[in-house]
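Beneath this line is the structure, given in structure tokens, with notes to follow.
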Amino acid sequence: MENKKFTVTDDLLASKGQRLLNFVIDLFIIYVIETSIGTTIILIGDLTKSDTASNWVSSLSVVESFFFGLVILFFYYLITEMYFSRTFGKYFTKTMVVKHEGSRPNMKSIIVRTLSRLIPFEPFSFLTAERGWHDTLSVTYVVKKHDFIAKKKLFSEQ
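All residue numbers for the sequence shown refer to the UniProt record's numbering, where the first residue is 1 and numbers rise by one.
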């Protein structure tokens with residue numbers, strides 16, 4: 001009796017178009033979160049008549065604003081992929097993150113995946129390979145959710 005294990009196959013992988021759309025949607029969501037936090041700090045500063053917080057947000061340089069955005073990006077990907085195996089972009093494109101054998105990624109994989117996104121030019125890694133650096137370094141895959149679930153169910157029934 002042969003003991004076979006389920007593995008993610010190429011036909012389950014999200015397309016480059018889906019991956020690009022995930023990236024664009026997620027960047028937009030990160031921008032909205034960053035803007036909302038800044039606006040909230042300014043509003044709280046105005047309501048409490050504390051100029052310190054609102055002055056800090058208003059006087060952020062381009063570099064400081066960029067690093068603030070990186071912090072938001074880090075926590076956005078970390079939280080959404082750790083708890084849901086998908087971001088808002090992946091939800092919209094009906095894709096999800098899994099390990100090679102089809103399980104949910106563990107915390108270490110998600111942390112490596114998220115930190116890998118901070119590598120300069122990492123989003124362009126998809127131009128030369130099927131999977132980006134944040135996929136290969138974390139040994140994770142972005143799959144089409146419904147196809148993945150159907151194939152895994154079929155596999156488990158055999």
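For every residue, glycine included, the Cβ atom is placed at its ideal position computed from N, Cα and C.
Counting only the Cα atoms, residue 158 lies some 47 Å from residue 69. For a cut-off of 8 Å, the C-beta gap from residue 142 to residue 90 is around 7 Å, short enough to register as a contact. A residue is called buried when at least 16 other Cβ atoms come within 10 angstroms of its Cβ; residue 24 does not meet this threshold and is exposed.
Distance from residue 140 to residue 18 at the Cβ level is roughly 15 Å; contact not present, criterion being Cβ atoms closer than 8 Å.
Just so you know, the alpha carbons of residue 42 and residue 33 end up roughly 14 Å apart. Here residue 72 is buried. Its C-beta has 16 or more other C-beta atoms within 10 Å. A straight line joining the alpha-carbon of residue 110 with that of residue 61 spans about 30 Å. Cβ contact annotation for residue 147 (same chain, cutoff 8 Å, sequence separation greater than five): 11, 12, in chain order. In this structure residue 135 is buried. Its beta-carbon is surrounded by 16 or more other beta-carbon atoms within 10 angstroms. By the neighbour-count criterion, in which a residue is buried when 16 or more other Cβ atoms sit within 10 angstroms of its Cβ, residue 87 is buried. Beta-bridge partners assigned by DSSP to residue 142: 97.
Straight-line measurement puts the Cα of residue 6 at about 10 Å from the Cα of residue 103. Within the UniProt domain "RDD" (14-128), complete alpha helix (DSSP H) segments of at least 4 residues are found at 16-47, 51-58, 62-84, 88-93, 107-116, given in chain order.
Per the C-alpha coordinates, the member of 125, 98, 80 positioned closest to residue 152 is 98. Contact check for residue 116 and residue 138: beta-carbon distance about 6 Å, within the 8 Å limit, so the pair qualifies. Scanning its chain for C-beta atoms nearer than 8 Å, with the 5 sequence neighbours on each side dropped, one finds around residue 29 the residues 76, 87, 88, 89, in chain order.
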